[in-house]
Amino acid sequence: MPIFLQFHAKPEMMIIRTLPPKIIDLDFSGVDFPLPDPVQVASNLNVMYRQMVTANYPTLFLGRPYRAGDEPEPGAGSLEDVPHTTVHIWTGDADQANRENMGVFYAAARDPIFFSHHGNIDRLWEVWKKLPGGKRKNFTDPDWLDTAFLFYDENANLVRVKIRDCLDTTKLRYGFQDVASPWINARPKPKPNKQKPKVAVATADPTKPIGLLNKTVSVVVQRPNKRRSTKPKEVEVLVIERIEYRIDMYVKFNVLINDEPDTPGKPDSAEFAGTFVNVPHGRNKTVKTSLRLGISELLEDLKAEE
């Protein structure tokens, strides 16, 4: 956290564990597990690699289409889940009833870090579009481009702004500083295989629900085709559907492939595919969503393509 932010926070809302020089945990699960700084930094770089480099298609990075009349929460992109939501939860206060401020939607903007955090998320969006590989472009669907929001401008006039109006930052007269992105080379390394890869074994019933995620759950996933096309631009995607949860509750789970269920890996594991996170918002309502994770590179690293 930038040190200047602590001077703008109310004393009663200061959270000691988040103050400089503490390093954020981008895999934060609601409970602190302190790690040595070099280990935490390495873990964060691994997280960012998965979220930024592996998610190399618009629907993986930006999320699923959400049109008028659709049920809410169709499926967030990698950037929305992590680092966006984990920063919200980590900087929220567990001693407050609803993890105020950052840890709950209604109060998040009260925290001085809110603006800079979302500015950084927008910066990462720009960085993502310039990375090599995949199809790193914004959606061209008119439903997305013409989605409009109402704001008050600097003169207190109500104005309508469309998404297409905000995609070119040069037209908005601002840009982002070019800084190093050390996570670009932080591809997790596979550990020695302890068992034969199971990914290609087709036994699971895709219609059978997994059940309550209050413990580690292991499932053998059926692949439509054991061999991917030789076309270099194709990406294999793991889809987890019908994730049911209350939107007013904090929810997080990690997804790993070919891992040991008794000792699940962390972001530094090549088996780590991605994360689902929800920051509490709205009222007590149960919704269903989905999670899509690009796993082509992961399968290559685990030698589980065949």
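Counting from 19, one number per residue, gives the positions in the sequence shown under the working numbering.
Yeah, the Cβ is synthetic: ideal placement off N, Cα and C, and Gly gets one too.
Computed from a predicted model, the values in this text were never measured in an experiment.
I'd like the list of long-range same chain contacts for D277, defined as Cβ closer than 6 Å, with 5 residues on each side in sequence excluded. On the sequence shown, position 259 is the one that residue 277 refers to. Only G283 and E289 meet the Cβ criterion.
Which residues in the same chain have their Cβ closer than 8 Å to the Cβ of F271, if we skip the five residues on either side of it in sequence? As a position in the sequence shown, residue 271 is number 253, starting the count at 1. These residues qualify, in order along the chain: L231, T293 and F294.
Below 7 Å CB to CB, which residues in the same chain sit around L316 once its five sequence neighbours on both sides are set aside? The residue you call residue 316 lines up with position 298 of the sequence shown. Only I275, A288 and A291 meet the Cβ criterion.
If you follow the alpha helix (DSSP H) that L317 is in, where does it begin and where does it stop? Position 299 of the sequence shown holds residue 317. Element bounds for L317: S314 to D319.
Report the rounded CA-to-CA distance for D99 versus L176, giving the unit in angstroms. In the sequence shown, residue 99 corresponds to position 81, counting from 1. In the sequence shown, residue 176 corresponds to position 158, counting from 1. If you take the alpha carbons of D99 and L176, they lie about 31 Å apart.
Is the CB-CB distance between S405 and D319 below 7 Å? Because the chain spans 19 through 324 in this model, residue 405 falls outside it and cannot be assessed.
Helix, strand or coil at N302 according to DSSP, with G and I counted as helix: The sequence position of residue 302 within the sequence shown is 284, counting from 1. Reduced to three states, the DSSP call for N302 is coil.
Which residues bound the alpha helix (DSSP H) around R82? For this step, residue 82 is matched to residue 64 along the sequence shown. No alpha helix (DSSP H) holds R82; DSSP gives it neither H nor E.
Should I131 and L23 be called a contact, given that it needs their Cβ atoms to be closer than 7 Å? Within the sequence shown, numbered from 1, the residue matching residue 131 stands at position 113. Within the sequence shown, numbered from 1, the residue matching residue 23 stands at position 5. Yes.
DSSP three-state call for I265: helix, strand or coil? Translated into the one-based positions of the sequence shown, residue 265 becomes position 247. Residue state, collapsed to three classes: coil.
Taking the DSSP output, what are the residues bridged to Y124? What you label residue 124 is simply residue 106 of the sequence shown in a count that begins at 1. None; Y124 has no bridge partner.
Counting Cβ pairs closer than 8 Å, one from the region 121-137 and one from the region 58-73, do we hit at least three? Taking one beta carbon from each stretch, the region 121-137 and the region 58-73 have fewer than 3 pairs nearer than 8 Å; the two do not touch.
N119 (DSSP reduced to helix, strand or coil): For this step, residue 119 is matched to residue 101 along the sequence shown. DSSP places N119 in coil when its eight states are reduced to three.
So what's E144 in DSSP terms, helix, strand or just coil? Mapped onto the sequence shown, residue 144 falls at position 126. E144 falls in the helix class under three-state DSSP.
I need the straight-line Cα distance from K153 to Y75, nearest angstrom please. Within the sequence shown, the letter at position 135 stands for residue 153. Within the sequence shown, the letter at position 57 stands for residue 75. Going by the C-alpha atoms only, they are around 5 Å apart.
List the DSSP bridge partners of I258. Along the sequence shown, read from residue 1 onward, the residue named residue 258 stands at position 240. For I258, which the question treats as bridged, DSSP gives the partners L309.
Could you tell me the alpha carbon to alpha carbon distance between V111 and P101, rounded to whole angstroms? Position 93 of the sequence shown, counted from the start, is the residue given in the question as residue 111. Position 83 of the sequence shown, counted from the start, is the residue given in the question as residue 101. Per the sequence shown, the amino acid found at residue 111 is Asp instead of Val. Distance between the alpha carbons of D111 and P101 is about 18 Å.
Grab the span of the alpha helix (DSSP H) containing V59 for me, first residue to last. Taking the sequence shown and counting its residues from 1, the one referred to as residue 59 is at position 41. Here the alpha helix (DSSP H) through V59 covers D55 to M66.
My understanding is that S96 touches A73, with C-beta atoms under 8 Å, so please give their C-beta distance in whole angstroms. Taking the sequence shown and counting its residues from 1, one reaches residue 96 at position 78. Taking the sequence shown and counting its residues from 1, one reaches residue 73 at position 55. Rounded, the Cβ-Cβ distance is 4 Å, consistent with contact.
Looking only at its chain, what residues have a beta carbon closer than 8 Å to the beta carbon of E144, apart from the 5 residues adjacent to it on each side? For the purposes of this step, residue 144 is identified with residue 126 of the sequence shown, where counting begins at 1. Closer than 8 Å at Cβ, skipping near neighbours: T187 and F194.
Can you give me the C-alpha to C-alpha distance between Y124 and T104, rounded to a whole angstrom? In the sequence shown, the residue the question calls residue 124 occupies position 106. In the sequence shown, the residue the question calls residue 104 occupies position 86. Computed Cα separation, rounded: 16 Å.
Spatial neighbours of I261 in its chain, beta-carbon cut-off 8 Å, leaving aside the 5 residues before and after: Taking the sequence shown and counting its residues from 1, one reaches residue 261 at position 243. Sequence-distant partners of I261 (beyond 5 residues in either direction) whose C-beta falls short of 8 Å from its own C-beta, in its chain, are F294, K306, T307, S308 and L309.
Would you check if the distance between the CB atom of P298 and the CB atom of V122 is smaller than 7 Å? For the purposes of this step, residue 298 is taken as the residue at position 280 of the sequence shown. For the purposes of this step, residue 122 is taken as the residue at position 104 of the sequence shown. Closer than 7 Å, so yes.
Measuring only the C-alpha atoms, how far is N138 from Q240? The residue you call residue 138 lines up with position 120 of the sequence shown. The residue you call residue 240 lines up with position 222 of the sequence shown. Near 38 Å, if we compare the C-alpha coordinates of Q240 and N138.
Report buried or exposed for Y67, applying the criterion of at least 16 other Cβ atoms within 10 angstroms of its Cβ. Taking the sequence shown and counting its residues from 1, one reaches residue 67 at position 49. Classification for Y67: buried.
For P92 and L256, the rounded distance between their alpha carbons: As a working note, residue 256 is residue 238 in the sequence shown. As a working note, residue 92 is residue 74 in the sequence shown. Those two C-alpha atoms are separated by around 16 Å.
In this structure, what does DSSP give as the bridge partners for F167? Locating residue 167 in the sequence shown gives position 149, counting from the first residue. V179, per the DSSP bridge assignment.
Check the C-beta distance from V238 over to G312 and give it rounded, since I have them as a contact under 8 Å. Residue numbering aside, residue 238 sits at position 220 when the sequence shown is read from its first letter. Residue numbering aside, residue 312 sits at position 294 when the sequence shown is read from its first letter. Incorrect: roughly 20 Å between the Cβ atoms, too far for contact.
T165 versus N119 - alpha carbon distance: Residue mapping note: residue 165 aligns to position 147 of the sequence shown, counting from 1. Residue mapping note: residue 119 aligns to position 101 of the sequence shown, counting from 1. Approximately 28 Å between the Cα atoms of the pair.
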